[in-house]
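Here the sequence shown is numbered in my numbering, starting from 5 and rising by one per residue.
All C-beta atoms in this analysis are idealised placements derived from N, C-alpha and C, irrespective of residue type, glycine included.
These notes concern the structure reproduced below.
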Amino acid sequence: MLLRPLLIPPSADFWSALAHSLLQNGPLADADPQLRDLSGVRVVVPGFAHAQHLKAALAACLGRPFIPPRITTMSAWLSMLPPEEHEAVATPGSERMMLLYAELRQHAWLKKLFSARRNTDLLPLAQMLLTLFDELTTALLPSMQLSPDAAEERWHAALEQLPLPARNILSDEAQLVWSLWKSQLDSSDATAVCFARMMRLAADADAPLIWINSEAPDSLQTAFLKAYGDKQTLLPVLPDWRANAVASMFARAWPEILDEDGRDSFLALGAGEIVTPRGLALSEAGSLEEEARCGAQAVINWLQAGKSRIAIIAQDRVVARRIRALLERAHVFVADETGWKLSTTRTAAAIAALLDVVSTRAETVTLLDLLKSPFLFPDMADKAARVMEIEHAVRRFNVLGGWDAVLSALRDAPQARELLQRIAEQASLFSGRRTLGEWGEVTSAALESLGMRDALAADAAGSQVIALLDMLMQDCQAVTHSFSFSEWRAFLSLQLESTPFVSIESDRRVVMLHLNGARLRNFDAVLMVGADADHLPSDSQETLFFANAVRRELGLATREVRQRTQLRDFAELLSAAPEVVLSWQSQKNGEPNAISSWIERLQLTLERAGADKPPMHRAEIASQELRSMPPVMPAPVAPQLLPRKLSASGYNSLVACPYQFFATRMLGLNGLDELSDMPEKRDYGDWLHAILKTYHESVRDLDVAPAERESLLREITEKVFAEALSQSAAALGYYARWQKVIPAYLAWAKEREDQGWRFVAGEKRFDKILSWDGGQVTLHGYIDRIDENDDGERAVLDYKTKPLQILRDKIKEAEDHQLAFYGILSDVPVSAAHFVALEITKDKTGDAEAKNYTDWQQMLEMQIAASIGAIAQGAPLAAYGIERVCVYCEVRGLCRKGAW
């Protein structure tokens, strides 16, 4: 017998009132008063958290030990039902989606209709359609079992609700959805299988049933309740939203939460005293960080006050996650029932990095992300060193991607090359078209080969990622369509995006949940973050394809129904919790951010009734007295770190700023080279150095005639720039720039040759020990070019891609000691030095000669000996660089100039 629903007002006493009613007048009243054995009754609750509330309420009412009723959820009850012979098996959701997707991608007009640029853009559409299909099945399946034409009749009746122009606009998309739904609806549909099992439970009803739910039953549940009630006593229990059961202040502020029968009479007559909700407070914050900080402190204060059931309602997910981070910093664990997408975990990021490397063909940044993943080759002892070798190589040669280019850059690092080769071998297997099961096997095998599978399985989130991959391989065995790698990757990403990470929690004193997750649950205190107009009410889910009138006629949830349900959840939360703090940010991006209109309506209702407004809540953070330690200019002393080698750029760094020298040359804190998809000026300089070295060596060794030298230089230029242009077309600008310089450079070279100088060597490395009393240092570097004249005198030349006048000014300033350093470095005495301009000024180029070069070398030798000797004796290395030096300094953040 299906009894009239038992309606219990939504409040903190919901479960207590329900327990009293069930023990006095409900199915539990027939239990033996002496034995208190209630196990003859079955109770279905929305979730297992509600089972604990019901047991606690029954225990409080009985005041003695008892055998509780058989409490379960509908999903758990269905899972315990043994399968029948010839019973249909539900098609897995992933299989349904990919079968539907395979059908959608066959129709080019569909991609045009939904503005899909590529096939994979239809995957989210397939997922959305399946959600809508499940809604339609839930609403229409019971009536279709009574009459096969019932669905068509309701469909045509729904279309009749629309005016003719709107009906024509809707017809294409809506008719498509309707046709697809009917074509895929069969006995293996998951909703149909669930309904069939529910009706089996009803047919085998063996005990009275108490069915508790937080909202009215849908079509499937209604059919089940009726069928079960024909066999056994069945008592539905629902929250009471009649006018006399809801607090007057909430009914007056939000009349739409009331049942329609009593709403008009309540608004007409008015009833009850309107008072400020007990325990309700507002918390206004000026920023996201302030809202999170105050929220975290409020939770800590509640814990210190002895509250053991605290809820954080995450209307603003960003603020909620920040609160969680702050609480974990304070060693407060948060049981997160909202869950976060599996795609946001670092384990999913590792798999995404592997697939990104495959799709981009070893794009450098993506490759480095994969190499630095802790799940890749976790047992390799020297992995960090090999990864560093790879990163230095690709940055040094500015390799932007491509397996051949990356492997070529590692020709001098065999171990690192071998590591990369193993990844390349696995990446090569992701090719062609395969079934989903085959793609899953290739992915799983790659994870196994790269040592990632075991490492992922040892991680809490990683084990769920591996389980998801294995489940997809199993579920999609029946899908025989072939898919490309991009489709497999999009499908796997969509599954990771749709699957929540479920963590194992033992401490549940602080729970984070959505607003609907708080239904019929008791908490000692509640903090809602994001109580502003943007987040409360939450954005309603998309209701594509069907207008509200059509959805209403078909029995689907409309926007109004969804919002009323959420408002009821909000009213229930304020009614049930003894202490509630509603928090929001009053300012966002410099603009005012309004509080939720629901809260404003409540405030207006209280003000009209002369009641007090909800007070403002402020969680004050305990102040701490800190000792002042103003920063000072760093001046480290480190004779034990004195470098054994010194280059020209290293000495220039010491002169420019001793602290910069300390950080970069003594501590080795040099920044990594930046990767750039555009050639930079340093690349241009490297190309010109290679061109001129080859050219002058050819002229020297082959005795090239003057008339043939320009063609030789242009031929060498073509070879060098051909390789550069193959890597980046943007090198064309530098190529054209050098073409203009060639005639002027050849003219300058002829003039120099006429002066009696001839090329001796280019790009030659030198090492020389500079000694003094008590110490020595090895000078080292490459000299761009060495010339010699008929008298045996030598000159060093340094190429610069700068105009001549800038180079002359550089020598006058005498701040750059590069030329003098090269003179000291040379294995024979050098009498002259020049900067050679590789830029033209008025169609000419030239060189800037260093004056008093011999004296400059002698002075520099003494300066190097004095400076290095002072460091060895403990001289402080202060950060006294001038602003012109500091503005480009890599370690300015370390010395913190500007803070002292």
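- Scanning Arg109, Gln822 and Leu133 for the CA closest to the CA of Arg122 turns up Arg109.
- With a threshold of 16 other beta carbon atoms within 10 Å, Lys901 meets it and is buried.
- A straight-line Cα-Cα distance of about 30 Å links Met620 and Asn248.
- Taking C-alpha positions only, Trp344 is separated from Pro504 by approximately 5 Å.
- For Leu801, the enclosing beta strand (DSSP E) covers residues Arg798 to Lys804.
- Per the Cβ contact rule, the stretch 481–488 is in contact with the stretch 436–451 (3 or more Cβ pairs under 8 Å).
- Every alpha helix (DSSP H) of 4 residues or more that sits fully in the stretch 92–133 is shown, in chain order, as 97–108 and 112–117.
- By the C-beta density criterion, Tyr749 is buried, having at least 16 other C-beta atoms within 10 angstroms.
- Here DSSP, grouped into helix, strand and coil, assigns Glu767 to strand.
- Beta-carbon to beta-carbon, Leu577 and Val530 are separated by about 6 Å, close enough to satisfy the 8 Å threshold.
- The C-alpha of Val361 is placed about 15 Å away from the C-alpha of Phe379.
- If you keep only unbroken beta strand (DSSP E) runs of at least 3 residues inside the stretch 469–535, you get 514–517 and 529–533.
- Between Leu286 and Leu519 a beta carbon distance of about 17 Å is seen, past the 8 Å cut, so the two are scored as non-contacting.
- Here DSSP, grouped into helix, strand and coil, assigns Trp761 to coil.
- Two segments are said to touch when three or more pairs of C-beta atoms, one from each, lie closer than 8 Å; by this definition the stretch 845–860 does not touch the stretch 760–779.
- Assignment of His784 by DSSP, reduced to helix, strand and coil, places it in the strand class.
- For Ala161, the closest C-alpha among the options Ser191, Glu295 and Val554 is that of Val554.
- Remark: three or more beta-carbon pairs, one from each stretch, lie closer than 8 Å, so the stretch 632–645 and the stretch 869–883 are flagged as touching.
- The beta carbon of Arg256 sits closer than 7 Å to those of Ile278 and Thr609, all from its chain and outside the five residues before and after it, given in chain order.
- Met384 sits in coil when the DSSP states are folded into three classes, being neither helix nor strand.
- For Glu684, the closest C-alpha among the options Val840, Phe434 and Phe401 is that of Phe401.
- Per DSSP, the beta bridge partners of Gly779 are Trp776.
- Under the three-state reduction of DSSP, Pro618 is assigned to coil, being neither helix nor strand.
- DSSP lists Leu284 and Val530 as the bridge partner or partners of Val584.
- Between the C-alpha atoms of Gln809 and Gly785 there is a straight-line separation of about 26 Å.
- With fewer than 16 other beta carbons inside 10 angstroms of its own, Ile773 counts as exposed.
- Between Pro618 and Leu284 the beta-carbon gap is near 5 Å, inside 8 Å, which marks them as a contact.
- Taking a cut-off of 8 Å on C-beta distances, the stretch 731–741 touches the stretch 682–699, as three or more cross pairs fall below it.
- Around the beta carbon of Met682, fewer than 16 other beta carbons lie within 10 angstroms, which makes this residue exposed.
- Between the beta-carbon of Thr349 and that of Leu460 there is about 10 Å, and that puts the pair past the 8 Å contact cut.
- Counted as a single uninterrupted DSSP element, the beta strand (DSSP E) harbouring Phe839 occupies residues Ala836 to Ala841.
- Per DSSP, reduced to three states, the secondary structure at Glu367 is coil, with no helix or strand assignment.
- In this structure, the CA atom of Arg605 is about 8 Å from the CA atom of Trp258.
- Within the stretch 552–612, the runs of beta strand (DSSP E) at least 3 residues long that lie entirely inside it are, in chain order, 584–589.
- When beta bridges are read from the DSSP output, Leu6 appears opposite Leu238.
- Restricting attention to Glu714, Pro221, Trp407 and Ala397, the CA atom closest to the CA of Asp416 is found in Ala397.
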